[in-house]
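The C-terminal residue of the sequence shown carries number 322 in the working numbering, and the numbering is unbroken.
Accompanying notes for the structure given below.
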Amino acid sequence: MHYRKLGDSDLEVSEIALGSWLTYGVGVAKEQARNCLRQAFDSGINLIDTANVYGRGAAESVLGELLREFSREDYVLATKVYFPMSATDRGLSAAQISLQLDGSLARLGTEYVDLYQCHRYDHETPLEETMAALTQAVDAGKVRYIGFSEWPAEKISAALAMSGVAKFVSSQPHYSMLGRWPEAEVIPVCRENGISQIVFSPLEQGVLTGKYKPGQPPPRGSRGSDDASNQFMGDWLKNEVLQAVQTLRTLADEAGLTMAQMALAWVLQNDNVAATIIGASRPGQIVENAAASGVRLDVATMAAIDKNLRKVIHR
Ligand SMILES: NC(=O)c1ccc[n+]([C@@H]2O[C@H](COP(=O)([O-])OP(=O)(O)OC[C@H]3O[C@@H](n4cnc5c(N)ncnc54)[C@H](OP(=O)(O)O)[C@@H]3O)[C@@H](O)[C@H]2O)c1
């Protein structure tokens, strides 16, 4: 496993990180989650990502229990705030940040998180209030560093322009060979300001592993076959996308990689990316995916990926 510095922080994070959306505390049984976490540590993964909203606290609770077998100094723990936790609890007001952070710390069984991320931008709360509340959390020692996920570039710049507040060190965008959205605005503003990307859904929830075949039902036991989870897979399960993805298999073979490894390595070619967060429903996926760390894709392979996917890339 290779490690990269997270923005202007002093955190060194593993290039492959482990997330917990739709998996731990929700779809994956606790013993399997334990095996995944043990495999992650064995593979050198040190960044664990979660959110208060995953399973409405269930993911944090399971992680809090399972992480007890590891030393707190040996991993970087990241969680998030914003999405509704009840009919009335949501957003990034000072009151919510205080309430939700204490809830996350209690469930995670820790006195601090290394990274506290605003899960989206809250258009109903003044940015000054959010930044002051995040700064207070840092000053109280409950949060080491702060980040955001999917904020508009102008709001990132507005936060960076404020004085006397904690500074963002990380951005968590949706980014993959198929989804290039952050390249236009978010990555440039982050690169100039000591903010790294920790990318989510780099495999487009499994689509870029090549296991979903055009014209065939999703494999049994996969996220795509589960109606509770596949609602977030959007257009990626359409035949046109799946056909284009299948053309990557030869490129991966030539590079000596699996399709999942090539998709993860593609994200890591961008030097503003510190880590790419995978989801894993079983330990074998972690073994396979962790091997993408340190892989260099040559110019010809990068160009061929763009050519093969050109009709289905979203920007
Ligand atoms: N900030 C945000 O708004 C946001 C949004 C989404 C996610 N996230 C974070 O990012 C993390 C990763 O997101 P994601 O789960 O969408 O990531 P992903 O890595 O794109 O997809 C993960 C899923 O793909 C399948 N998979 C993974 N490796 C595989 C392999 N080698 N072979 C075959 N199938 C494989 C598994 O599903 P099956 O085995 O069930 O098919 C796995 O759960 C989340 O856990 C969360 O922490 C953040």
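No residue lacks a Cβ here, since even glycine has one placed at the ideal position from N, Cα and C.
- Placement of the Cβ of Ala281 at a distance of 7 Å or more from every heavy atom of ligand 1 is found.
- Scanning Ala166, Arg289 and Thr57 for the CA closest to the CA of Pro133 turns up Ala166.
- Scanning its chain for C-beta atoms nearer than 6 Å, with the 5 sequence neighbours on each side dropped, one finds around Phe207 the residues Gln179, His181 and Ile284, in chain order.
- Per the coordinates, the alpha-carbon of Ala65 lies some 23 Å from the alpha-carbon of Glu80.
- Val280 and Pro226 have their C-alpha atoms roughly 31 Å apart.
- Look at the beta carbons and you see the stretch 31-51 not touching the stretch 108-119: under three pairs across the two are nearer than 8 Å.
- Counted as a single uninterrupted DSSP element, the stretch harbouring Lys314 is not any beta strand (DSSP E) but the alpha helix (DSSP H) occupying residues Val306 to Leu316.
- In the structure shown, Glu131 falls within a coil segment according to DSSP collapsed to helix, strand and coil.
- Sorting Thr254, Ala262, Thr216 and Gly62 by C-alpha distance to the C-alpha of Val35 places Gly62 at the top.
- By the Cβ-count criterion, Gly228 is exposed, with fewer than 16 other Cβ atoms from all chains shown falling within 10 Å of its own Cβ.
- Beta-bridge analysis with DSSP links Leu122 to Ala85 and Tyr152.
- Annotation for Ile284: no alpha helix (DSSP H) segment contains it, though the beta strand (DSSP E) segment containing it runs Val280 to Ile285.
- Of the heavy atoms belonging to ligand 1, at least one sits nearer than 7 Å to the Cβ of Pro209.
- For Ala173, the three-state secondary structure derived from DSSP is coil.
- Rounded to the nearest whole angstrom, the C-alpha separation of Leu106 and Arg127 is 17 Å.
- Secondary-structure assignment with DSSP links Phe207 through a beta bridge to His181 and Ile284.
- With fewer than 16 other beta carbons inside 10 angstroms of its own, Lys314 counts as exposed.
- With a cut-off of 7 Å, the C-beta of Ala113 is classified as distant from ligand 1, since no heavy atom of the ligand falls inside that distance.
- Runs of the alpha helix (DSSP H) lying entirely within the stretch 194-279 and spanning at least 4 residues, in chain order: 246-253, 255-262 and 266-275.
- Pro91 and Gly263 have their C-alpha atoms some 43 Å from each other.
- For Thr30, the shortest separation between its Cβ and any heavy atom of ligand 1 lies below 7 Å.
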